[in-house]
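Let me begin by presenting the structure, written as structure tokens, before commenting on it.
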Amino acid sequence: MHASNPDSTLCRTMAVAAFVVLLSACTAAPMRLAEFAPQGGYVLHDENTTPRFWHRGRPADVIATLYTDGNNIFLDDRRVTINTPIRNGAHVRTGPDSGALVAFEPANRGRCHIEVRDISVGRLLGGTGECLYTLDTPQGGARAETRSTEYHVDVHQGRTELTILSGRMQVLLRSAPGRPVTVNAFQEVLLSADGIIGPRPVSAEEIKRRTQWQHKFSFRQKAPARFEFNFPIIKRSRSKPDPRPDDADQAPPADDQYRTKRIIN
2 MHASNPDSTL CRTMAVAAFV VLLSACTAAP MRLAEFAPQG GYVLHDENTT
52 PRFWHRGRPA DVIATLYTDG NNIFLDDRRV TINTPIRNGA HVRTGPDSGA
102 LVAFEPANRG RCHIEVRDIS VGRLLGGTGE CLYTLDTPQG GARAETRSTE
152 YHVDVHQGRT ELTILSGRMQ VLLRSAPGRP VTVNAFQEVL LSADGIIGPR
202 PVSAEEIKRR TQWQHKFSFR QKAPARFEFN FPIIKRSRSK PDPRPDDADQ
252 APPADDQYRT KRIIN
């Protein structure tokens, strides 16, 4: 028997390793929603949803990153198709076959308090991270004061259906703000003009069915490229001698070319 060549064995091993790395990069699973914003929390929009956002812990700064999937996502009535930073008061609207993910930054001043307002229609799936969250719908509101609370909101036909996946929220009816109702994990409430129905228990199978829509969308945590400045690339003909010292102050040739520097975050 012939002994194997160590160099060829090493080459084969490196080739296999490179193939595995390339294959895993091409088939990597999308990140879990909570991984986009482990501290500030997140809000995932289904299609045809229209909330507005405020971050009380970041009054004058960028409050979140808007991730998109689809061609019908609008930020303050302006269509966006790439990852975009947003500020306080931002209105995010999704249209047909389009979803959006808002991943919030942690607070840099005072307590982290995020408000999701004007949820007039549509479905949201959210996680609070380490922040206090307040939700506002036409029928009432909800407040999460415990960390890592996850919730699902469905506003349709004049009613708000709130389901708690983990944690706990206090729910208030707009017509009776002084009578909060506590909703725990695996419970739901229904808010309408007539009052609050529930809380009642919800099974894991029912929660899975209600939140199945989230799998229509896929988001990647990839920062967009930004372009900074232009700088000249001067080409000199080899047939010409280098400029003499007395020519040093002359302007560069008229046919200088310019190249844009591309910086990836």
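Numbering-wise (my numbering), the sequence shown opens with residue 2 and increments by one. Beta carbons are placed, not taken as given, at the ideal position from N, Cα and C, and that holds for glycine.
Since residue 91 is in the beta strand (DSSP E), which residue starts that stretch and which ends it? 91-95
Does the beta-carbon distance from residue 95 to residue 50 come in below 7 Å? yes
Own chain residues within Cβ distance below 6 Å of residue 74, not counting five before or after: 81, 95, 99 and 101
Got a sec? Which residues, its chain only, sit under 6 Å from residue 170 by beta carbon, not counting five neighbours each side? 143, 145 and 184
Determine whether the beta carbon atoms of residue 164 and residue 42 lie at a separation below 7 Å. no
My parser needs the beta strand (DSSP E) runs of 3 or more residues fully inside the region 39-64; what are they? 43-46 and 53-56
Residue from 199, 218 and 167 whose Cα sits closest to the Cα of residue 174: 199
What do you reckon, are the CB atoms on residue 131 and residue 148 nearer than 7 Å? yes
Return the CA-CA distance between residue 91 and residue 203, expressed in angstroms with no decimal places. 33 Å
Residue 120 classed as buried or exposed, judged by whether at least 16 other C-beta atoms fall within 10 angstroms: buried
Please confirm whether residue 117 and residue 133 have their CB atoms less than 7 Å apart. no
Looking only at its own chain, which residues have a Cβ that is under 7 Å from the Cβ of residue 26, when we skip the five neighbours before and after it? Any reading at residue 26 is ruled out, since the residue's pLDDT is 38, under 50, leaving its predicted position unreliable.
Going straight from the alpha carbon of residue 233 to that of residue 108, what length do you get? The pLDDT assigned to residue 233 is 45, lower than 50, so where the model puts this residue is not dependable, and the model offers no usable value.
Between residue 215 and residue 177, what straight-line distance do the alpha-carbon atoms span, to the nearest angstrom? 33 Å
Buried or exposed: where does residue 83 fall if 16 or more other Cβ atoms within 10 Å of its Cβ makes it buried? exposed
Going along the chain, which residues of its own chain have a beta-carbon closer than 8 Å to the beta-carbon of residue 186, five neighbours each way excluded? 165, 166, 167, 168 and 169
Taking its Cβ as the centre, do 16 or more other Cβ atoms sit within 10 Å of residue 179, making it buried, or is it exposed? exposed
Please go through the same chain and pick out, in chain order, the residues whose beta-carbon is closer than 7 Å to the beta-carbon of residue 39, but skip the five residues on each side of it. 130
Going by beta carbon distance, what residues of the same chain come within less than 6 Å of residue 57, once the five residues before and after it are set aside? 114
By how many angstroms is the C-alpha of residue 219 removed from the C-alpha of residue 105? 18 Å
Determine the DSSP secondary structure at residue 1, reduced to helix, strand or coil. For residue 1 there is no data in the structure shown, the boundaries of the chain being 2 and 266.
Residues near residue 122 in its chain [Cβ-Cβ closer than 8 Å; skip 5 each side]: 49, 50, 51, 156 and 157
For residue 36, the three-state DSSP class (helix, strand or coil): helix
Alpha-carbon to alpha-carbon, residue 72 and residue 141: 31 Å
Straight-line gap, residue 63 to residue 172 (C-alpha atoms, nearest Å): 29 Å
If you reduce the DSSP assignment to three classes, tell me which class residue 213 lands in. helix
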